[in-house]
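Residue numbers (my numbering): -12 to 368. The beta carbon of each residue, even a glycine, is placed where N, CA and C say it ideally should be. Working notes, structure below.
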Amino acid sequence: MDFEWTKEECDLYDEVVAFCKESLQHDVAALDAPSEFSRDAWKQCADFGVLGWRVPTEQGGKGYSATLSALLMEAIGYGCEDNGLAFALGTQMWGVQTALLQFGSDAQVDKYLPGSIRGELIGAHAMNEESSGSDAFAIATTAVPDGDDFVISGEKTLVTFAPLADFAVVFAKTAPDAGQWGISAFLVDADTPGYKAGDADEMMGLRTVPYGRVVLHDCRVPAESLLGKPGAGASIFSFIQMWERSLVLAPHVGAMHRLLDQCLAFARERKRAGLAIGKHQAVSHRIANMKLRLETARLLLYQTARQQQEGSSDLMAPALTKIYLSESLVQSGLDAIAIHGGDGYLTAAGVERNLRDAIGATIYSGTTDVQRNIVASLLGL
Ligand SMILES: Cc1cc2nc3c(=O)[nH]c(=O)nc-3n(C[C@H](O)[C@H](O)[C@H](O)COP(=O)(O)OP(=O)(O)OC[C@H]3O[C@@H](n4cnc5c(N)ncnc54)[C@H](O)[C@@H]3O)c2cc1C
């Protein structure tokens, strides 16, 4: 497979890194400690065009391919230290915009997409529940048909952006006896009576984005709120998951690159007993492994993005990408702390934050255990 980027694509990568260095240099530690989201940084990204990258030009976006979007999200992960912001952009692009673009009616696309591209409307993807999690289709939320409406009741947990989302893609059972084929998806505005976002939940990492519950109590929505056909919820969810698993970790590749640069500089400068610590094999081998993980992660990401671009329904590559990119950043985060010694453990230095931020990816969009189940089952086990 040829991954030669064109000059234009390389120039775009450089432009994105330059944008991050110019406009996204906010004090991440100051947001991380109290767990605050920077609406200003979000708007800067939207104004730069990030939230339109994967949207076709005829719908107001840039129409970039999945591969180019992956490369540019990698650039965000490299240039911007706010891993939470990069994650949130990814969830919006792959978790929310993909759903709208693929399954939304013209009216739904017109209602939500332009605001999403401008960074003025933020969507949430509300599937997870206390009783389901990895058993995703075991949700208890119901949407009962009533005349021309549906009445939704249930509680979603751990939802990214729940406390400030303007709308949510909500999955609910419209035919509880039909198993996964009885699940439907709805676009629900956050100001609909009966829709309530819970307080923000504190996470150990990715703290610059808010998370929480979405409580739906007799929440009445018109039939036009249905996303896709009744009973298509499981297929819609699986489709979104495939995009998420393939691409939401693209910034991880950039973050691995950023950590590698940081560790290299530190290993050259830091002297102990008159010797740069990078001259110790224990340190240099850690850095060599960081480089190895970065390059293999890149290949997996680009290959999977290309497959997605070509409309592949292969489940293996997204699962492998999800496992490898998430676990690689965790390992590189650990290595970066080890290389920085006590400084690496200091909150103020910011090195430890990368590890805290990395761990979430082993859980969201399907845990790495669940991805290994997929790989094993595709291998016939
Ligand atoms: C940062 C973050 C953001 C999130 N954002 C969203 C969001 O926007 N929308 C949303 O709907 N959800 C979101 N989630 C929730 C996420 O999808 C779930 O946490 C995830 O699917 C795991 O479900 P669970 O937490 O219930 O864990 P469980 O399913 O209870 O799993 C617990 C443990 O058991 C293991 N396990 C469970 N079943 C199996 C199995 N069959 N085989 C092997 N191991 C298994 C798991 O791997 C895990 O180690 C987010 C989570 C995080 C951490």
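ask   = Applying the criterion that 16 or more other CB atoms from any shown protein chain within 10 Å of the CB defines a buried residue, is Thr44 buried or exposed?
value = The residue you call residue 44 lines up with position 57 of the sequence shown. Exposed.
ask   = Hey, would you say the C-beta of Tyr351 is under 7 angstroms away from at least one heavy atom of ligand 1?
value = For the purposes of this step, residue 351 is identified with residue 364 of the sequence shown, where counting begins at 1. Within the cutoff, so yes.
ask   = Could you give the distance in angstroms between the alpha-carbon of Asp14 and the alpha-carbon of Ser25?
value = Numbered from its first residue, the sequence shown carries residue 14 at position 27. Numbered from its first residue, the sequence shown carries residue 25 at position 38. Distance between the alpha carbons of Asp14 and Ser25 is about 10 angstroms.
request  = Would you tell me roughly how many angstroms separate the C-alpha atoms of Ile264 and Ser225, rounded to the nearest one?
outcome  = Residue mapping note: residue 264 aligns to position 277 of the sequence shown, counting from 1. Residue mapping note: residue 225 aligns to position 238 of the sequence shown, counting from 1. The alpha-carbon atoms of Ile264 and Ser225 are separated by roughly 47 angstroms.
query = Just to confirm, does Thr128 get its C-beta within under 7 angstroms of one of the non-hydrogen atoms of ligand 1?
reply = Position 141 of the sequence shown, counted from the first residue, corresponds to residue 128. Answer for Thr128: no, Cβ out of range of ligand 1.
request  = Mind listing, in chain order, the continuous alpha helix (DSSP H) runs of no fewer than 4 residues lying wholly within the region 221 to 291?
outcome  = 237 to 256
inquiry  = Could you check whether Ser56 and Gly31 sit closer than 8 angstroms to each other, using their CB atoms as the reference points?
reply    = On the sequence shown, residue 31 is found 44 positions in, with the first residue counted as 1. On the sequence shown, residue 56 is found 69 positions in, with the first residue counted as 1. Here the sequence assigns Gln to residue 31, which means Gly is not the residue at that position. Cβ atoms of Gln31 and Ser56: not closer than 8 angstroms.
Length of the line joining the Cα atoms of Ala325 and Tyr332 = Indexing the sequence shown from 1 puts residue 325 at position 338. Indexing the sequence shown from 1 puts residue 332 at position 345. If I take the Cα positions, the gap works out to 9 angstroms.
ask   = Which first and last residues belong to the beta strand (DSSP E) in which Leu203 is found?
value = In the sequence shown, residue 203 corresponds to position 216, counting from 1. Unbroken beta strand (DSSP E) run through Leu203: Tyr198 to Pro209.
ask   = From the DSSP output, which residues share a beta bridge with Glu142?
value = Against the sequence shown, residue 142 aligns to sequence position 155. BP columns for Glu142 point to Val202.
request  = Look at the alpha carbon of Glu231 and the alpha carbon of Gly261, and state the distance between them as a whole number of angstroms.
outcome  = Translated into positions along the sequence shown, residue 231 becomes position 244. Translated into positions along the sequence shown, residue 261 becomes position 274. Approximately 47 angstroms, taken between the alpha carbons.
At least three beta-carbon pairs within less than 8 angstroms, the region 183 to 190 to the region 139 to 156 = yes
request  = Can you give me the Cβ contacts of Trp(-8) inside the same chain, cut-off strictly under 7 angstroms, excluding the 5 residues immediately before and after it?
outcome  = Here residue -8 refers to the residue found at position 5 when the sequence shown is read from its first residue. Excluding positions up to five away in sequence, the list reads Leu58.
request  = Please work out which residues of its chain come closer than 7 angstroms, Cβ to Cβ, to Gly71, disregarding the five sequence neighbours upstream and downstream, and give them in chain order.
outcome  = Position 84 of the sequence shown holds residue 71. Closer than 7 angstroms at the Cβ level, and outside the excluded window around Gly71, lie Leu193, Arg194, Thr195, Val196 and Asp344.
message = So for Leu133, helix, strand or coil by DSSP?
response = Taking the first residue of the sequence shown as position 1, residue 133 is located at position 146. Note on residue identity: the sequence assigns Asp, not Leu, to residue 133. The answer is strand: DSSP assigns Asp133 an E or B state.
message = One question on the structure: do Ala159 and Phe173 come within less than 8 angstroms of each other, judged by their Cβ atoms?
response = Counting from 1 along the sequence shown, the entry for residue 159 is found at position 172. Counting from 1 along the sequence shown, the entry for residue 173 is found at position 186. Yes, they are a contact pair.
task = Enumerate in chain order the residues of its own chain whose CB-to-CB distance from Met277 is below 6 angstroms, with the five nearest sequence positions on each side excluded.
result = Working through the sequence shown from its first residue, we reach residue 277 at position 290. Result list for Met277: Leu247, Ser319 and Asp322, in chain order.
Of the listed residues Thr291, Glu211 and Asp34, nearest to Lys98 (C-alpha basis) = Start at 1 with the first residue of the sequence shown, and residue 98 comes out as number 111. Nearest C-alpha to Lys98: Glu211.
key: Candidates Leu214, Leu203, Tyr198 and Gly337, of which the one nearest Ile170 by Cα   = Working through the sequence shown from its first residue, we reach residue 170 at position 183. Ile170 has its Cα closest to that of Leu214, out of Leu214, Leu203, Tyr198 and Gly337.
message = Does Tyr182 come out as helix, strand or coil in the three-state DSSP assignment?
response = As a working note, residue 182 is residue 195 in the sequence shown. If DSSP states are grouped into helix, strand and coil, Tyr182 belongs with the strands.
inquiry  = Under 7 angstroms: does the beta carbon of Met80 sit that close to some heavy atom of ligand 2?
reply    = Ligands present in the displayed structure are limited to ligand 1, and ligand 2 is not among them.
ask   = DSSP beta-bridge partners for Ser171?
value = What you label residue 171 is simply residue 184 of the sequence shown in a count that begins at 1. Partner(s): Ala159.
task = Could you pull the start and end residues of the beta strand (DSSP E) that Gly110 belongs to?
result = Within the sequence shown, the letter at position 123 stands for residue 110. First-last of the beta strand (DSSP E) with Gly110: Gly110 to Ala113.
request  = Please state if the CB of Val240 and the CB of Leu307 are separated by a distance shorter than 8 angstroms.
outcome  = If you number the sequence shown from 1, residue 307 lands on position 320. If you number the sequence shown from 1, residue 240 lands on position 253. No.
inquiry  = Here's the rule I'm using: 16 or more other beta-carbon atoms within 10 Å means buried, otherwise exposed. How should Gly298 be labelled?
reply    = Here residue 298 refers to the residue found at position 311 of the sequence shown. The residue is exposed, with fewer than 16 neighbouring Cβ atoms inside 10 Å.
task = Below 8 angstroms on the Cβ atoms is my guess for Ala75 versus Phe148; work out the distance and round it to an integer in Å.
result = For the purposes of this step, residue 75 is taken as the residue at position 88 of the sequence shown. For the purposes of this step, residue 148 is taken as the residue at position 161 of the sequence shown. Yes, Ala75 and Phe148 are in contact; Cβ-Cβ is about 7 angstroms, under 8 angstroms.
key: Minimum C-alpha distance to Ser352 - residue among Leu251, Gln294, Glu(-5) and Ile227   = One-based indexing of the sequence shown puts residue 352 at position 365. The shortest Cα separation from Ser352 among Leu251, Gln294, Glu(-5) and Ile227 belongs to Ile227.
inquiry  = Using CA atoms only, rank isn't needed, just tell me which of Val362, Ser222, Gly337 and Ile310 is closest to Gly347.
reply    = Here the question's residue 347 lines up with position 360 in the sequence shown. The shortest C-alpha separation from Gly347 is found at Ile310.
request  = Can you grab the Cα-Cα spacing for the pair Gly64 / Ala237, in whole Å?
outcome  = Along the sequence shown, one-based indexing puts residue 64 at 77. Along the sequence shown, one-based indexing puts residue 237 at 250. If you take the alpha carbons of Gly64 and Ala237, they lie about 7 angstroms apart.
request  = Determine the extent of the alpha helix (DSSP H) in which Pro305 is found, giving its start and end residues.
outcome  = In the sequence shown, the residue the question calls residue 305 occupies position 318. Here the alpha helix (DSSP H) through Pro305 covers Met303 to Tyr332.
task = Under 8 angstroms by Cβ, that's how I've got Ala284 and Ser315 pegged, so tell me the actual separation to the nearest angstrom.
result = Here the question's residue 284 lines up with position 297 in the sequence shown. Here the question's residue 315 lines up with position 328 in the sequence shown. Indeed, because the Cβ distance is near 5 angstroms, the residues count as touching under 8 angstroms.
For Thr147, the three-state DSSP class (helix, strand or coil) = Taking the first residue of the sequence shown as position 1, residue 147 is located at position 160. Of the three classes helix, strand and coil, the one that applies to Thr147 here is strand, per DSSP.
request  = Provide the residue span of the alpha helix (DSSP H) that contains Pro101, from first to last.
outcome  = Position 114 of the sequence shown, counted from the first residue, corresponds to residue 101. Counting along the chain, the alpha helix (DSSP H) containing Pro101 begins and ends at Asp93 to Ile104.
inquiry  = Under 7 angstroms: does the beta carbon of Gly120 sit that close to some heavy atom of ligand 1?
reply    = Within the sequence shown, numbered from 1, the residue matching residue 120 stands at position 133. Answer for Gly120: yes, Cβ within range of ligand 1.
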